[in-house]
């Protein structure tokens, strides 16, 4: 990312490695450095969609996703929205936990987003009040 010009990107969508759930043959990244680079390269009014989950270590979720969302706010991003991404596949659960069938999608913006196109997904028995109550 070092070669990308400042404030040159409108939209970033990424699902980075988290909580050492996979082996990348010795490669690791420092989250804070990546977050600062994302903030540097995204345009004012740009949006970053950060898809991340949490591992379970010693019987407890790590909370990494929440720590990352708070750090993004700390460096200047707005936490514009939080969505849930439902995974299509997942490992067999241990006997004392529910399936982890989702990841968080943190919608981060640098200032107010230039463009917003909310999806209208019909849901039986649900009256959509999302756009009228949250602005």
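Residue numbers (the UniProt record's numbering): 1 to 135. Note that CB positions come from ideal geometry on N, CA and C, so glycine has one too.
Secondary structure of residue i, DSSP reduced to three states
i           : result
residue 64  : helix
residue 106 : strand
residue 39  : helix
residue 134 : Bear in mind that a pLDDT of 49 at residue 134, under 50, signals an unreliable position, so the number given afterwards is only what the model happens to contain. The answer is coil: DSSP assigns residue 134 none of H, G, I, E or B.
residue 70  : helix
residue 117 : coil
residue 75  : coil
Residue i versus residue j: straight-line alpha-carbon distance, rounded
i           : j           : result
residue 62  : residue 56  : 6 Å
residue 16  : residue 113 : 22 Å
residue 14  : residue 101 : 18 Å
residue 10  : residue 116 : 12 Å
residue 148 : residue 109 : Since the displayed the chain opens at 1 and closes at 135, residue 148 lies outside it and no answer follows.
residue 87  : residue 120 : 21 Å
residue 81  : residue 107 : 5 Å
residue 35  : residue 96  : 34 Å
residue 19  : residue 118 : 31 Å
residue 134 : residue 71  : Confidence at residue 134 is low in this model, with a pLDDT of 49, below 50, so the placement of that residue is unreliable and no value is reported for it.
residue 45  : residue 99  : 36 Å
residue 76  : residue 39  : 8 Å
Same chain, Cβ closer than 7 Å to residue i, neighbours up to 5 away in sequence not counted
i          : result
residue 37 : 1
residue 73 : 79
According to DSSP, residues forming a beta bridge with residue i
i          : result
residue 82 : 106
residue 4  : DSSP, once it has assigned bridges, lists no residue as partnering residue 4.
residue 9  : 42
residue 48 : 12, 108
residue 57 : 60
Residues of its chain near residue i, where Cβ-Cβ distance is below 8 Å and the 5 sequence neighbours each way are ignored
i           : result
residue 169 : As displayed, the chain neither begins before 1 nor continues past 135, which places residue 169 out of reach and without an answer.
Cβ-based neighbour list, residue i, same chain, cut-off 6 Å, excluding 5 preceding and 5 following
i         : result
residue 7 : 43
residue 4 : 41
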